[in-house]
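To keep things clear, I will list the structure first and then write my remarks on it.
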Amino acid sequence: MQKVSTAVRITHIPTGISASCQNERSQLQNKRMAMAVLKSRLLVQQELQRDAQISEVRGVFKSAEWGNEIRSYVLQPYKLAKDHRTGVEKGNVDAVLDGDLQDFVLASVRHDAEDRRSSDS
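So the sequence shown is residues 4 to 124, counted in this note's numbering.
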């Protein structure tokens, strides 16, 4: 009895990912199955890389709960706007609510620059 080898192995050269199939009787069918498996493995790797890039850009996830606020506004009995990250306080709450955020933005930029310097060393 003469046996014909129908197994197929396909390798994606740039990534080194390979897929093989020897389930079918025809080499052509094995090639199609191996190609489908290879495509699915490449898609999984591509999704993992995309998720890694997104998480790198997005940073650490923080849920919006009590205690995670960035800024608080007190309107009674006195007026005060306070940035909890930088400690900047401003007594003119009406101006802040109207969009005068320059003091808070500058303090935030300084704070982020200090964080980067401390994490680099």
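C-beta atoms are modelled at their ideal positions from N, C-alpha and C, and glycine is treated no differently.
In this text, all values refer to a predicted model and were calculated from it rather than measured experimentally.
Do residue j and residue i have their beta-carbon atoms positioned less than 9 Å apart in this structure?
i, j, result
"SER23", "ILE16", "no"
"LYS82", "ASP106", "no"
"ILE20", "LEU41", "yes"
"ALA84", "LEU109", "no"
Using a Cβ-Cβ cutoff of less than 7 Å, which residues in the same chain neighbour residue i once the five nearest sequence positions on both sides are dropped?
i, result
"LYS34", "VAL11"
"GLU72", "HIS87"
"GLY94", "LYS82, LEU83"
"MET4", "At MET4 the pLDDT is 47, less than 50, meaning the model places this residue with poor confidence; the figure from the coordinates comes in the next sentence. Answer for MET4: no residue qualifies."
I need the DSSP call for residue i, collapsed to helix, strand or coil.
i, result
"HIS114", "helix"
"ALA98", "helix"
"ALA67", "coil"
"GLU50", "helix"
"ASP106", "helix"
"ASN74", "At residue 74 the sequence reads Arg, which differs from the Asn that was named. Looking at ARG74 - three-state DSSP - the assignment turns out to be strand."
"LYS85", "strand"
"ILE16", "coil"
"GLU59", "helix"
"ALA22", "strand"
"VAL40", "helix"
On the CB-based measure, 16 or more other CB atoms within 10 Å of its CB, does residue i come out buried or exposed?
i, result
"ASP86", "buried"
"ALA116", "exposed"
"ALA37", "buried"
"THR89", "buried"
"LYS65", "exposed"
For the structure I just gave you, are there three or more beta carbon pairs, one from the segment 49 to 63 and one from the segment 74 to 92, closer than 8 Å?
Under the three-pair Cβ rule at 8 Å, the segment 49 to 63 does not count as touching the segment 74 to 92.
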